[in-house]
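Residue numbers (the UniProt record's numbering): 1 to 285.
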């Protein structure tokens with residue numbers, strides 16, 4: 001059983017079957033394919049060879065059968081039990097050496113796979129970090145652009161208000177402002193008796209003069225377009241008033257009393273009845 005197990009193991013390790021057979025390990029023709037002799041073929045005969053009956057038998061040999069004396073000095077003698085055990089031991093030692101080499105090779109391959117796995121993990125981590133950094137950079141750039149756009153929008157509003165103020169100052173300079181704030185009755189034709197025809201038509205004003213009373217008692221006065229929303233007046237107060245930055249306030253008319261809401265901020269001054277002139281009061285919310 002031990003010899004069969006060893007033989008199977010050697011065959012699995014890649015040894016040729018002739019070399020795996022212990023009895024033929026020392027044969028000089030071990031690597032050559034086996035060819036049986038012609039004279040030993042069952043049922044065959046060679047006319048040039050004498051028949052077994054004609055061959056002389058050695059002295060003392062049993063003619064009826066049994067072991068014959070071996071006269072050929074090249075013929076390999078059978079191995080003794082001790083030689084067989086030594087041969088098996090050598091083969092088992094060889095198998096252990098081969099198995100240990102295979103285990104070492106497998107351990108080395110496992111170490112290489114582990115190194116490759118760690119290297120791939122580090123590369124994947126670096127890729128993830130790079131993507132996160134790129135995403136954060138995009139978010140920062142987007143917020144900066146939004147901040148710049150908001151700043152530019154506010155600056156455009158300030159520039160527009162400044163241009164409007166300059167235009168009003170040029171238009172109403174040199175006494176023209178006094179004509180702009182003149183009441184409709186003063187600019188109309190001289191009063192005449194009722195018998196002298198129908199009353200004059202109401203005049204349409206394109207601008208209005210707004211006076212704003214601040215919380216500290218001071219006043220601001222400016223001219224606005226009749227179609228500008230009330231929000232333009234609030235922006236003007238925020239930019240030119242002395243109110244603390246960020247303080248919220250509302251506007252109201254004293255006579256008749258009216259508190260303006262957020263919806264009123266989008267309505268034109270003419271629609272709110274603030275043309276041609278009006279007084280607004282700043283009040284805390």
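Note that CB positions come from ideal geometry on N, CA and C, so glycine has one too.
Here the C-alpha atom of residue 120 lies approximately 29 Å from the C-alpha atom of residue 139. Residue 221 has 211 as its beta-bridge partners, per DSSP. Residue 283 is bridged by DSSP to 250. Following the DSSP letters along the chain, one finds residue 240 inside the alpha helix (DSSP H) bounded by residues 230-240. Looking at 163, 165, 210, the one whose alpha-carbon comes closest to that of residue 278 is 210. For the options 215, 236, 204, the alpha carbon positioned closest to that of residue 226 is the one of 204. Assignment of residue 127 by DSSP, reduced to helix, strand and coil, places it in the helix class.
Looking at the backbone, the Cα of residue 158 and that of residue 235 are separated by about 9 Å. A residue is called buried once 16 or more other Cβ atoms fall within 10 Å of its Cβ, and residue 276 is buried on that count. Looking at the DSSP output, residue 278 bridges to 210.
In the structure shown, residue 257 adopts coil according to DSSP, grouped into three states. Residue 221 has its alpha-carbon roughly 47 Å from the corresponding atom of residue 137. Contact annotation, residue 280 with residue 253: C-beta distance approximately 6 Å; criterion of less than 8 Å satisfied.
Here residue 124 is exposed. Its C-beta has fewer than 16 other C-beta atoms within 10 Å.
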